[in-house]
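A.B. asks: Here the sequence shown is numbered in the working numbering, starting from 195 and rising by one per residue.
Here a beta-carbon is modelled for each residue, glycine too, at the ideal position from N, C-alpha and C.
Sharing a structure with you now.
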Amino acid sequence: MNELHVNLAQLDHDIVQIDVMYTGFPRISASYLITKPVPVLIETGPKPSLPYILAALRRLQLKPEDLRYVILTHIHLDHCGGAGTLLRQCPAATLIVHERGGRHLIDPAKLIAGTRQVYGEEFSRLFDRVDPVAPERLHMPADGEILNLGGGRTLTFLDTPGHSYHHLCIYDSLSQGIFCGDAVGLSYPDLADLGIPYYLP
Numbered sequence: 195m196n197e198l199h200v201n202l203a204q205l206d207h208d209i210v211q212i213d214v215m216y217t218g219f220p221r222i223s224a225s226y227l228i229t230k231p232v233p234v235l236i237e238t239g240p241k242p243s244l245p246y247i248l249a250a251l252r253r254l255q256l257k258p259e260d261l262r263y264v265i266l267t268h269i270h271l272d273h274c275g276g277a278g279t280l281l282r283q284c285p286a287a288t289l290i291v292h293e294r295g296g297r298h299l300i301d302p303a304k305l306i307a308g309t310r311q312v313y314g315e316e317f318s319r320l321f322d323r324v325d326p327v328a329p330e331r332l333h334m335p336a337d338g339e340i341l342n343l344g345g346g347r348t349l350t351f352l353d354t355p356g357h358s359y360h361h362l363c364i365y366d367s368l369s370q371g372i373f374c375g376d377a378v379g380l381s382y383p384d385l386a387d388l389g390i391p392y393y394l395p
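In structure tokens form, the structure reads like this:
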């Protein structure tokens, strides 16, 4: 059986960018994997993106069981739709999400209905099934809360409403970078070729 091809970009400080092929095209959306000191995944993408995340873990000689945290910047399905399904394969992982988003992962019915209104017949192709998350798997951090990963690395959670009211950003102390989801705008490399390098959500 041939391994699924996945595009990875090795960033600084043990961070790997995973192209999750959202909508079936490259360079649209990504997940990020902090590999050390413990594996942390930021964003799952929708369920059709999960094979790319799992293939990335295999390439990096990791297993789903190795993941300790799965973090969502917000609960739009292009960022979170695969979370419930992925957690079934990651028994050691805690899912971290904004306090305003947790209940919609426990019962995603309203999230699904709202997204169907936007995407119509394309919903099934783009998002497939959205599985619920068990309440005991969730942690909803306070604004400014710090997660100590060990090895001198911490993640600080920041309440960042704007793109959505359930949006958080994550500051990584080691890279001194911020995982910002959709909080500061969108940039698509293919649009840059058309003279549209960046735009606000």
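1. In angstroms with no decimal places, state the Cα-to-Cα distance between L281 and I247.
2. With distances taken from CA atoms, which of S318, P391, C374 and I390 is nearest E237?
3. Do the stretch 261-268 and the stretch 285-293 touch if we need at least three Cβ pairs shorter than 8 Å?
4. On the CB-based measure, 16 or more other CB atoms within 10 Å of its CB, does I340 come out buried or exposed?
5. Would Y226 and L198 be called neighbours here (beta carbons separated by less than 9 Å)?
6. If you check the beta carbons only, do L305 and V327 fall under 9 Å apart?
7. In angstroms, rounded to a whole number, what distance separates the CA positions of Y216 and F321?
8. Roughly how many whole angstroms lie between the Cα atoms of P233 and L256?
9. Could you tell me whether the stretch 291-301 touches the stretch 342-349, using the rule of 3 or more Cβ pairs below 8 Å?
10. What number of angstroms, rounded off, separates the C-alpha of G218 from the C-alpha of G308?
11. For Q311, which three-state DSSP category applies?
12. What's the gap between the Cα of C284 and the Cα of R331?
13. Between F317 and the ligand GDP, is the CB less than 8 Å from at least one heavy atom?
14. How many angstroms separate the CA atom of Y382 from the CA atom of R221?
15. Using three-state DSSP, classify T350 as helix, strand or coil.
16. Ignore the nearest five residues each way along the sequence and tell me which others in L271's own chain have a CB closer than 6 Å to its CB.
17. Would you check if the distance between the CB atom of S318 and the CB atom of T348 is smaller than 9 Å?
C.D. replies: Put simply:
1. Translated into the one-based positions of the sequence shown, residue 281 becomes position 87. Translated into the one-based positions of the sequence shown, residue 247 becomes position 53. Each residue's Cα considered, the two are about 12 Å apart.
2. The count along the sequence shown starts at 1 and reaches residue 237 at position 43. E237 has its Cα closest to that of C374, out of S318, P391, C374 and I390.
3. yes
4. The residue labelled residue 340 in the question sits at position 146 within the sequence shown. That one is exposed.
5. For the purposes of this step, residue 226 is taken as residue 32 along the sequence shown, with counting starting at 1. For the purposes of this step, residue 198 is taken as residue 4 along the sequence shown, with counting starting at 1. Not in contact: Y226 and L198 (Cβ atoms no closer than 9 Å).
6. Locating residue 305 in the sequence shown gives position 111, where the first residue counts as 1. Locating residue 327 in the sequence shown gives position 133, where the first residue counts as 1. Contact flag unset, no.
7. Reading the sequence shown from its first residue, position 22 is the one you call residue 216. Reading the sequence shown from its first residue, position 127 is the one you call residue 321. Distance between the alpha carbons of Y216 and F321 is about 9 Å.
8. Here residue 233 refers to the residue found at position 39 of the sequence shown. Here residue 256 refers to the residue found at position 62 of the sequence shown. Straight-line measurement puts the Cα of L256 at about 9 Å from the Cα of P233.
9. no
10. On the sequence shown, residue 218 is found 24 positions in, with the first residue counted as 1. On the sequence shown, residue 308 is found 114 positions in, with the first residue counted as 1. Spanning the two alpha carbons is a distance of roughly 22 Å.
11. Position 117 of the sequence shown, counted from the start, is the residue given in the question as residue 311. Q311 falls in the helix class under three-state DSSP.
12. By 1-based counting over the sequence shown, the position of residue 284 is 90. By 1-based counting over the sequence shown, the position of residue 331 is 137. Going by the C-alpha atoms only, they are around 10 Å apart.
13. Although the ligand GDP was asked about, the structure shown includes no ligands whatsoever.
14. Taking the sequence shown and counting its residues from 1, the one referred to as residue 382 is at position 188. Taking the sequence shown and counting its residues from 1, the one referred to as residue 221 is at position 27. Near 7 Å, if we compare the C-alpha coordinates of R221 and Y382.
15. Taking the first residue of the sequence shown as position 1, residue 350 is located at position 156. Of the three classes helix, strand and coil, the one that applies to T350 here is strand, per DSSP.
16. Translated into positions along the sequence shown, residue 271 becomes position 77. If we look at L271 and ignore the five residues flanking it on each side, its Cβ neighbours are P240, T309 and F321.
17. Here residue 318 refers to the residue found at position 124 of the sequence shown. Here residue 348 refers to the residue found at position 154 of the sequence shown. Result no, Cβ atoms of S318 and T348 do not sit closer than 9 Å.
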